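Working notes for the structure below.
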Amino acid sequence: MVAGSNPRKRRREAANVDVKLVEIYEDLASEKDGIRLKAAHDLLSRFAPDQNPSEEQVEKALKRLFRGLCSSRKAARIGFSIALTELLSQVFATSNRHNLKELSIPKAIEILESQTNAVNCASGQEERDHYFGRLFGAEAILKSAILLQEGVIFDNWKKLLSLVFDLATKKPWLREECGYIIYCAVRDIAVKAADVKYINTVIGALAENGLAKTPEGVAIWLAAKESALPVSFVPGIWQDGNPLHSKERTTLAKIMKESSDPHSDGDGENGAAAKSRVWNPKLHFAWEPILAKLYAPFQAKAGDKAPKQISFADFWTEVVDNGLFAAASSEERKYWGFLVFMRVVNDGPSEAASSVFTKNFVRCLTNQLSVEDRYLHRIAQKSAKSIQTRGAADPQFVTVALRGLMGQAGSINFDQVTKTKTIEKLIGDASTDALDQIVPLLQSLIINPGVDDAKAALPKRHQLATLLTSIVKSLSTTSNSTDDLDTTIKRVMLVLARFAYFVPADSTKNKDTAPKPPIAQSTQEFFRNKISSCLNMVVAGRKSPSAVACEVIQSIRDMEQNGEYGKFVIDMGDNISASVDSAFKILKKLQHKEKKSDEAGMASIHALKLLYAMTIFQVYNGDADAVSMLDELKICYDKFIGRKKSAADVAEASDILVEILLSFASKQSQLFRRTSEQVFGAFADRVTATGLQSLIAILEAKDSLAGQEEMFENDNDDDSDVEMVDPDDDDVEEIDQSLESDSEPEDNHEASDDENDESEPEDDDELEAFDAKLAAALGTHRADKDLDAGSESSSDSDMDDDQMEALDEQLAQVFKARSQVTNKKKEKKEARENMINFKNRALDLLEIYVKKSHLNIIATTILLPLLQVVRKSKIQQIANKASGVLREYCKLCKGNSVPTVEMEEQVWDLLRAIHEEATHSGPVFHATACSQASLLVVKILVAHKKDNVERVVDVYAETRKKQLVSKRCHVQPSFFSDWNNWCVSASKQIKG
Numbered sequence: 001m002v003a004g005s006n007p008r009k010r011r012r013e014a015a016n017v018d019v020k021l022v023e024i025y026e027d028l029a030s031e032k033d034g035i036r037l038k039a040a041h042d043l044l045s046r047f048a049p050d051q052n053p054s055e056e057q058v059e060k061a062l063k064r065l066f067r068g069l070c071s072s073r074k075a076a077r078i079g080f081s082i083a084l085t086e087l088l089s090q091v092f093a094t095s096n097r098h099n100l101k102e103l104s105i106p107k108a109i110e111i112l113e114s115q116t117n118a119v120n121c122a123s124g125q126e127e128r129d130h131y132f133g134r135l136f137g138a139e140a141i142l143k144s145a146i147l148l149q150e151g152v153i154f155d156n157w158k159k160l161l162s163l164v165f166d167l168a169t170k171k172p173w174l175r176e177e178c179g180y181i182i183y184c185a186v187r188d189i190a191v192k193a194a195d196v197k198y199i200n201t202v203i204g205a206l207a208e209n210g211l212a213k214t215p216e217g218v219a220i221w222l223a224a225k226e227s228a229l230p231v232s233f234v235p236g237i238w239q240d241g242n243p244l245h246s247k248e249r250t251t252l253a254k255i256m257k258e259s260s261d262p263h264s265d266g267d268g269e270n271g272a273a274a275k276s277r278v279w280n281p282k283l284h285f286a287w288e289p290i291l292a293k294l295y296a297p298f299q300a301k302a303g304d305k306a307p308k309q310i311s312f313a314d315f316w317t318e319v320v321d322n323g324l325f326a327a328a329s330s331e332e333r334k335y336w337g338f339l340v341f342m343r344v345v346n347d348g349p350s351e352a353a354s355s356v357f358t359k360n361f362v363r364c365l366t367n368q369l370s371v372e373d374r375y376l377h378r379i380a381q382k383s384a385k386s387i388q389t390r391g392a393a394d395p396q397f398v399t400v401a402l403r404g405l406m407g408q409a410g411s412i413n414f415d416q417v418t419k420t421k422t423i424e425k426l427i428g429d430a431s432t433d434a435l436d437q438i439v440p441l442l443q444s445l446i447i448n449p450g451v452d453d454a455k456a457a458l459p460k461r462h463q464l465a466t467l468l469t470s471i472v473k474s475l476s477t478t479s480n481s482t483d484d485l486d487t488t489i490k491r492v493m494l495v496l497a498r499f500a501y502f503v504p505a506d507s508t509k510n511k512d513t514a515p516k517p518p519i520a521q522s523t524q525e526f527f528r529n530k531i532s533s534c535l536n537m538v539v540a541g542r543k544s545p546s547a548v549a550c551e552v553i554q555s556i557r558d559m560e561q562n563g564e565y566g567k568f569v570i571d572m573g574d575n576i577s578a579s580v581d582s583a584f585k586i587l588k589k590l591q592h593k594e595k596k597s598d599e600a601g602m603a604s605i606h607a608l609k610l611l612y613a614m615t616i617f618q619v620y621n622g623d624a625d626a627v628s629m630l631d632e633l634k635i636c637y638d639k640f641i642g643r644k645k646s647a648a649d650v651a652e653a654s655d656i657l658v659e660i661l662l663s664f665a666s667k668q669s670q671l672f673r674r675t676s677e678q679v680f681g682a683f684a685d686r687v688t689a690t691g692l693q694s695l696i697a698i699l700e701a702k703d704s705l706a707g708q709e710e711m712f713e714n715d716n717d718d719d720s721d722v723e724m725v726d727p728d729d730d731d732v733e734e735i736d737q738s739l740e741s742d743s744e745p746e747d748n749h750e751a752s753d754d755e756n757d758e759s760e761p762e763d764d765d766e767l768e769a770f771d772a773k774l775a776a777a778l779g780t781h782r783a784d785k786d787l788d789a790g791s792e793s794s795s796d797s798d799m800d801d802d803q804m805e806a807l808d809e810q811l812a813q814v815f816k817a818r819s820q821v822t823n824k825k826k827e828k829k830e831a832r833e834n835m836i837n838f839k840n841r842a843l844d845l846l847e848i849y850v851k852k853s854h855l856n857i858i859a860t861t862i863l864l865p866l867l868q869v870v871r872k873s874k875i876q877q878i879a880n881k882a883s884g885v886l887r888e889y890c891k892l893c894k895g896n897s898v899p900t901v902e903m904e905e906q907v908w909d910l911l912r913a914i915h916e917e918a919t920h921s922g923p924v925f926h927a928t929a930c931s932q933a934s935l936l937v938v939k940i941l942v943a944h945k946k947d948n949v950e951r952v953v954d955v956y957a958e959t960r961k962k963q964l965v966s967k968r969c970h971v972q973p974s975f976f977s978d979w980n981n982w983c984v985s986a987s988k989q990i991k992g
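Mind the numbering: the sequence shown is residues 1 to 992 in UniProt numbering, read in order.
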């Protein structure tokens, strides 16, 4: 009986295990928030007063929870801490405390000590877990506020503080966490206005344990000062009892660097306690109350009495810039500095955020960003990102950031040095209000780039000009033009114009703002190119760009006349000035007519205004040809806009205008290309056959030096069109030469005739000829050439002075001849590139023409030249574009929407010519283009007269006959299949 009783007793104990409670404790350690919170709720429900739990049960639960805080499981401390805090509040509530007999608050503290005692821990990890458990347990008791209840013995508060401070002094790696829970407790006491003795005890304990002058001590002290309670601060620690007193800046800097007590040598009990010896990658919690206190003056109302404390700017300079970011600071302290910087930039008021771009910080940021493998590169990148984010939301901050990053502490070339786009993005995201401050800032940096040497200033000023251009680029992408945007664009361009066109003179009005050092001539040229880029963006991004362009040109003229910024760099003779004066008078007339004009005439006026502005701009850039263009433009104005104008006058003006626009289009500049396209689009419906022939002549010219001389026969010796090209400039026109045809046309005798006269000798032949001339001059021979073995070279003997002079002359002649050959090759290459560009622009204009005037019968004159370009051009890009123009033309002429015939026989001649063109071999798409052109002309003839269909059949039959009998006929089968398809679709209409 006795022997069998123990097993039965064990079975009963097993049966009495509360499985549900075990599951609750298990769930408290879950990594999922929802499971932990539900477990805590279930636990509290079990120990609610209405459940009448016994003291034994509650004590057992407290022991289990305190012990659970020592668990090494990832989320155990969080779950157990929440449950423990609420259970303490519930069990020791004032209304329930009188029901307890054995269990008391001192008992709870005793359970905390016993369950988290690390004395008998088997390993170092277990010991650390128990210390953390004690810390979390103490935090739970403090958060539960049971120690602050009426009737609770004050010694309990002292006892718990003693446990926490003991942890902080003995375990430096726990000091910050210990300080944080005490800081939170003091802050809560201040809010609840509890008895001041609790805070006084904390302040006394800070001093007794040597922790007053630590980051934790500063935070706790500031929390106590925020209290309205009459706290008794320990004297002699801080000046006027304020850690942020201006006289404590040096001490504060040492503290926030986590150094030892400044008043101790680092030895002894207090010194050892104050020294953390542990680096934490997270920003210390003390920074939050410190920064909040420093922000207070910015947020104070007018009339409020300012506290006697260090200003934010002085604090930042002393504690952060000269402390954390000092040149001798460790990487770890600089890391903290970046964290503080991001905290201020992300959350601080504008006044504070404006004070953080100090010398040491900007230097450190620049250095860390510039090299990817540096220790702080990633945190520096995050800091740069925070600058951009704040700048996008705070216009006032943008100017401050730019001044800090590019000013004396930073570098104008900050983006280039750091390989980032920080400055570019700040400017790109800036609002118009911010730009009102940014543009003057960039102008001031151009005037004084921070260097005395003109050569050193050159790249800085180039970068500033590029940034100004980026402003225009950003604003030009805005979908709608507004007065504010256009005003800002104009302001930017006038800043560029000031330095591009004017140099200080004795008569300069604003001598104090003269650039130092003076602007180099190459920089002026660079600035002029940037103005071109800005105008290019305006022309591309505005439906009516003439307003901004005219205002900019007018402002440059005003600056020239009033001498505000010095002497105009372009020599404006009397004749040039007269032409420019006349042009501005016409511009003024156009502006008056613009106000009275209807919508139909508005496009022509805007186009002429834009053309005038761009031509004057060319004059200001020193283009001599532009002066004569102004005179030609006056003819266009008189005949297009004048009161008395005939059809002949309009035709003459149209032809002149086409020649002017072709002059614009011939330049390798997107600005002039876009200008020519916009103006041409406004007058395309007035283009005559003569004007079209000018465009066709470009397509028929050779892609060679001879072709260029043919097109520009009067400009061979004129260098006025030469522009300094910035390779990174948005205005530079790129020519795609990588699309040249890989295969020669089958009819080599036709396709390559244009190239034969421009064939160049092989490089090897040229080099061999050069070697021969050089050998003859030196009296030597190449090693691979056989000479008469019996001959002796005179080069073995010494030469006198006369012989040396003669040899020098011979060598000079040889190298001069070689240079001429090289220059000639370069000239041919450039001529070819120019002609390719010119043909591309002519095709662009033709595409505009067919869109505007495809119903004009004159437009059909371009069909045959386009087909010939498709077949003959060795530049695939040109051939494709010509094919595209023809395809667009045919696409627009749908159904009955075809030109009206005036002279029918000329149209029949065109059809036969197209069929003759189809018999030549060429690229695959040449046959398609010929078929499209032929069917277009057929539709025109049939629409004019249905009976013409019979003659059309005869023309196709004749071509079919050639295909069958002639070896030289290479017409493709698709030419006839397309015709058959058209016949099927058109038969019903013809029969009807």
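Ideal placement from N, C-alpha and C gives every residue a C-beta, glycine not left out. Quantities reported herein were computed from a predicted structural model and do not represent experimental measurements.
Take the Cβ of residue i as the centre, count every other Cβ of all protein chains shown within 10 Å, and call the residue buried at 16 or more, exposed below.
i	result
Tyr-375	exposed
Thr-615	buried
Arg-102	Inspection of the sequence shows that residue 102 is occupied by Glu rather than by Arg. That one is exposed.
Gln-989	exposed
Met-493	buried
Ala-122	exposed
Asp-581	exposed
Pro-515	buried
Asp-141	According to the sequence shown, residue 141 is Ile rather than Asp. Ile-141 should be labelled buried.
Leu-964	exposed
Going by the beta-carbon positions, is the gap between residue i and residue j smaller than 7 Å?
i	j	result
Lys-473	Val-552	no
Ile-24	Asp-50	no
Gln-381	Asn-413	no
Cys-930	Ala-913	no
Leu-662	Ala-831	no
Leu-692	Thr-900	no
Lys-530	Leu-485	no
Thr-358	Val-417	no
Leu-339	Leu-291	no
Thr-688	Ala-653	no
Quick check: does the Cβ of residue i come within less than 6 Å of any heavy atom belonging to the ligand GDP?
i	result
Ile-531	As presented, the structure is devoid of all ligands, the ligand GDP included, so that no description of it is given.
Spatial neighbours of residue i within its chain, please: C-beta separation below 8 Å, excluding the five flanking residues on both sides.
i	result
Glu-594	Met-602, Ile-605, His-606, Lys-609
Lys-159	Pro-106, Ile-109
Leu-467	Ile-423, Glu-424, Ile-427, Leu-442
Val-202	Leu-161, Ile-182, Ala-185, Val-186, Ile-220, Ala-224
Taking 7 Å as the limit between beta carbons, can you name the residues of its chain near residue i, skipping five residues before and five after?
i	result
Asn-621	Arg-528
Val-196	Leu-229, Pro-230, Val-231
Phe-975	Ala-918, Ala-927, Cys-930, Ser-931
So, with DSSP's three-state summary, where would you put residue i?
i	result
Val-679	helix
Phe-568	strand
Tyr-552	Looking at the sequence shown, residue 552 is not Tyr but Val. Of the three classes helix, strand and coil, the one that applies to Val-552 here is helix, per DSSP.
Ile-875	strand
Val-503	strand
Ser-470	helix
residue 1061	Here the chain has residues from 1 to 992 only, and residue 1061 is not among them.
Touching or not, the segment 693–702 and the segment 670–677, by the rule of three or more beta carbon pairs under 8 Å? no
So does the segment 441–460 actually touch the segment 383–393, counting three or more Cβ pairs closer than 8 Å? no
Measuring CB atoms only, is the segment 129–137 touching the segment 183–191, in the sense that at least three cross pairs come out at less than 8 Å? no
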